[in-house]
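Residue numbers (our numbering): 1 to 280. All C-beta atoms in this analysis are idealised placements derived from N, C-alpha and C, irrespective of residue type, glycine included.
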């Protein structure tokens, strides 16, 4: 049986996932594939490179640097994050990413992106990160706050718009022993967004993407229903926040960021034995 980690996004909320993943690395938990969405993609690559603490470290070290994530940067560049800083300077010089360990690992990595022309999700296998980091960037490029990422003939943005919890995508690819890491507590339901009018204005050239944004709450809640049913049937393992921590998409309070990360660690530690049994 093939195993996979399904990692939901959530901007700064995703630091919860980083806490979960660090415990998995410490516990020697390995899977055959990772499907990372947005922040889930960003933290998922450090799981494969086995760099415990890296995600929390750079989130705290550069939290006050406007290039890391800020409306100032969005006004200056059209991207809420500085592309060169976050996807070149940071992984290549400031907090070096272990490209060799990533490439040598047995775990396949899939970056989940939204194709703005088709309005469909794409699941892009990235065997190494020198080129794959562009797909991670695309997966984490929030609509309205990021420029469309053009890679070859594809125009891509945040994977969470078209497939927020790609469990079914993993199953269709033959992964049948899956751990889903969510960043919302049990009982959460996504309300309809109020930005559909803005989507029609900003992405008027891409009507299928506009529809995906408009109907995202329907897609997300249907995926949650599927996850909940699979969990109830005992077919998957779900790790989700055991309590609510109010954390903003662009959270600047380091104590809140650490609390969310520590919650991920706590929740994963509590079921370590269960995880090992599930994957055995």
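Rounded straight-line distance, which links the Cα of residue j to that of residue i
i, j, result
"residue 47", "residue 105", "10 Å"
"residue 8", "residue 227", "12 Å"
"residue 134", "residue 68", "16 Å"
"residue 55", "residue 13", "12 Å"
"residue 239", "residue 73", "33 Å"
"residue 281", "residue 182", "As shown, the chain starts at 1 and ends at 280. That puts residue 281 outside it, with no answer to give."
"residue 180", "residue 27", "17 Å"
"residue 85", "residue 62", "10 Å"
"residue 277", "residue 271", "10 Å"
"residue 114", "residue 159", "5 Å"
"residue 44", "residue 205", "32 Å"
"residue 98", "residue 92", "9 Å"
"residue 111", "residue 33", "11 Å"
"residue 274", "residue 117", "42 Å"
"residue 174", "residue 4", "10 Å"
"residue 161", "residue 212", "6 Å"
"residue 217", "residue 230", "20 Å"
"residue 247", "residue 262", "13 Å"
"residue 251", "residue 233", "36 Å"
"residue 267", "residue 185", "11 Å"
"residue 168", "residue 176", "10 Å"
"residue 196", "residue 107", "37 Å"
"residue 256", "residue 2", "36 Å"
"residue 31", "residue 280", "11 Å"
"residue 367", "residue 6", "No information on residue 367 is available, as it lies outside the stretch 1 to 280 that the chain covers here."
Status (buried if at least 16 other CB within 10 Å, exposed otherwise) for residue i
i, result
"residue 109", "buried"
"residue 155", "buried"
"residue 201", "exposed"
"residue 22", "buried"
"residue 71", "exposed"
"residue 100", "exposed"
"residue 170", "buried"
"residue 132", "buried"
"residue 143", "buried"
"residue 207", "exposed"
Nearest candidate by alpha-carbon position, reference residue i, set the options
i, options, result
"residue 265", "10, 3, 16 and 215", "16"
"residue 259", "245, 271 and 249", "245"
"residue 254", "1, 10, 49 and 57", "57"
"residue 209", "163, 101, 230 and 87", "163"
"residue 269", "1, 85, 11 and 19", "19"
"residue 221", "175, 192, 76 and 277", "192"
"residue 165", "207, 32, 143 and 223", "223"
"residue 190", "21, 225 and 273", "225"
"residue 89", "65, 197, 256 and 43", "65"
"residue 327", "103, 75, 116 and 53", "It is not possible to answer for residue 327, since the shown part of the chain is limited to 1 through 280."
"residue 75", "51, 11 and 147", "147"
"residue 285", "116, 143, 87 and 117", "As displayed, the chain neither begins before 1 nor continues past 280, which places residue 285 out of reach and without an answer."
"residue 215", "237, 230 and 199", "199"
"residue 10", "143, 249, 167 and 262", "249"
"residue 49", "29, 60 and 59", "29"
"residue 243", "188, 237 and 126", "188"
"residue 235", "152, 178 and 103", "178"
"residue 145", "203, 152 and 151", "203"
Sheet register partners of residue i (DSSP bridge)
i, result
"residue 114", "121 and 157"
"residue 40", "BP columns for residue 40 are empty, so no partner."
"residue 175", "2"
"residue 108", "33"
"residue 150", "155"
"residue 271", "The partner list for residue 271 (beta bridge, DSSP) is empty, contrary to what the question assumes."
"residue 238", "180"
"residue 7", "36 and 181"
For this session: Count the CB pairs spanning the region 33 to 47 and the region 126 to 141 that are closer than 8 Å, and state whether there are at least three.
Result: Contact holds: three or more Cβ-Cβ distances are below 8 Å.
For this session: Please confirm if the region 78 to 85 is in contact with the region 114 to 132, defined as three or more CB-CB distances below 8 Å between the two stretches.
Result: Flag = no, the region 78 to 85 and the region 114 to 132 do not touch.
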